[in-house]
Structures are given as C-alpha cells and as structure tokens.
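Undergrad:
Residue numbers (the working numbering): 5 to 87.
(1) Taking the alpha carbon of residue 19 as the reference point, which residue from 56, 38, 62 and 44 has its own alpha carbon closest?
(2) Beta-carbon separation of residue 13 and residue 34 under 7 angstroms?
(3) Once you ignore the five residues that flank residue 60 on each side, which residues in its own chain have a CB closer than 6 angstroms to its CB?
(4) If you reduce the DSSP assignment to three classes, tell me which class residue 69 lands in.
(5) From the DSSP output, in three-state form, read off residue 86 for me.
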C-alpha cells in the first residue's frame, strides 16, 4: 500500500471464487499465511480491505484506520504474530 510504506509484511490478494465461499477456504488460506509469517519471524502482518473487515476481525485482526485509497474507503488492519 503506497500510502503506508513505513509498514511492512503485508498479506495481500486473498480471494476465493464465489462458488467456493463459505467452506472455510479463505480462513484456511489466511491461517496458513499467518503460520508461515510467524515461522519466518514476522512480528506483525498488515492488510487492507475494502469490504472484508468483519472476516478478518473474526480471525483476530484489528483495524488501525480507515483511509481512502485510490478513491475507495478501506480498512487498514494488523495482526501480531504470537510465537
């Protein structure tokens, strides 16, 4: 996210086709990415989402702010990796 270059280790481009949603695939992808990040010593992961803030909040992510990015409101979120 070009407006937040001071933050690093971003989770991005998580997408599940509509026909496959509601099966836990997105949750599994995010959990695996978090696991890999923790194993690599990443202390905090960040992401931005225009419309899936609730999805990530239910998985322990916290909202840092809600800026406008490329003319679209987004939630910038973070999650500390527990080791």
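We put the CB at the ideal spot given by N, CA and C, even for glycine. Just so it is clear, the structure is predicted and the values come from calculations on it, not from any experiment.
TA: Taking the definition as stated:
(1) Ranked by Cα distance from residue 19, the first of 56, 38, 62 and 44 is 56.
(2) no
(3) 81
(4) Here residue 69 sits in strand by DSSP.
(5) The DSSP-derived three-state label of residue 86 is coil.
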